[in-house]
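This report refers to the structure that appears directly beneath it.
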Amino acid sequence: MTENRKNKIRIARRGDWKTEPMPARHETFVLSRSFSDAEMAVLRCGHIPSAMEDKWFWYMEGSALFAHRSWTGHCIYRIDFREDNHHAVTVNRDPEQYKCTSVKEDTESLNRLLDWWTETPYDHYNEWLSEVYDALKKAGSE
């Protein structure tokens with residue numbers, strides 16, 4: 014393989030992974046957050062999982078980012094990016110696919126995910142450890 018071919022960035026597309034559509038049971042909210050041009054460029058590339066701990070597959074179509082759980086293909090988030098930085102988020106509310114029911118928790122989780130996803134390079138292992146830690150902490154407080 015030539016050096017030029019190895020360095021070519023692969024843009025994730027819907028057909029690169031098993032995906033399910035957003036279910037009929039969903040909710041919308043606004044995520045107020047700005048993104049730099051560099052961060053948007055990273056998000057536009059999407060992400061194709063490469064390991065078991067890599068829980069997310071995401072891709073963009075137009076100005077919408079679709080985030081799916083890698084093991085099931087369930088669509089958890091759709092973010093419609095807007096120039097005014099008040100982005101419309103559609104979140105899965107099918108209890109068979111996604112357990113969260115709180116916009117506040119989803120806003121926190123999505124912001125944390127977006128922080129991870131816009132890092133270069135994206136570190137799925139540290140994201141996985143953070144999710145496990147948060148789940149254990151939440152389980153201990155209930």
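Mapping to my numbering: the sequence shown position 65 is 78, numbers consecutive.
A virtual CB, placed ideally from N, CA and C, is assigned to each residue, including glycine.
Can you give me the C-alpha to C-alpha distance between residue i and residue j, rounded to a whole angstrom?
{"i": "W71", "j": "T103", "result": "14 Å"}
{"i": "T110", "j": "K31", "result": "One point to set straight first is that residue 110 is Gln, not Thr, in the sequence displayed. Distance between the alpha carbons of Q110 and K31 is about 15 Å."}
{"i": "H100", "j": "M73", "result": "14 Å"}
{"i": "T133", "j": "A54", "result": "11 Å"}
{"i": "S47", "j": "I24", "result": "22 Å"}
{"i": "D50", "j": "M65", "result": "30 Å"}
Need the endpoints of the alpha helix (DSSP H) that residue i sits in, please.
{"i": "C58", "result": "50-58"}
Quick check: is the beta carbon of residue i nearer than 8 Å to any beta carbon in chain B?
{"i": "Y90", "result": "No chain B appears in this structure, which consists of one protein chain only."}
With DSSP run on the structure shown, which of helix, strand or coil describes residue i?
{"i": "R46", "result": "coil"}
{"i": "P62", "result": "coil"}
{"i": "R23", "result": "coil"}
- Spell out a yes or no on whether the region 50-59 and the region 111-122 are touching, meaning 3 or more CB-CB pairs, one atom from each, closer than 8 Å. no
- Evaluate contact between the region 78-85 and the region 43-54, counting only Cβ atoms and requiring at least three cross-stretch pairs below 8 Å. no
- Item | Uninterrupted beta strand (DSSP E) stretches inside the region 104-131 (no shorter than 3 residues) | none
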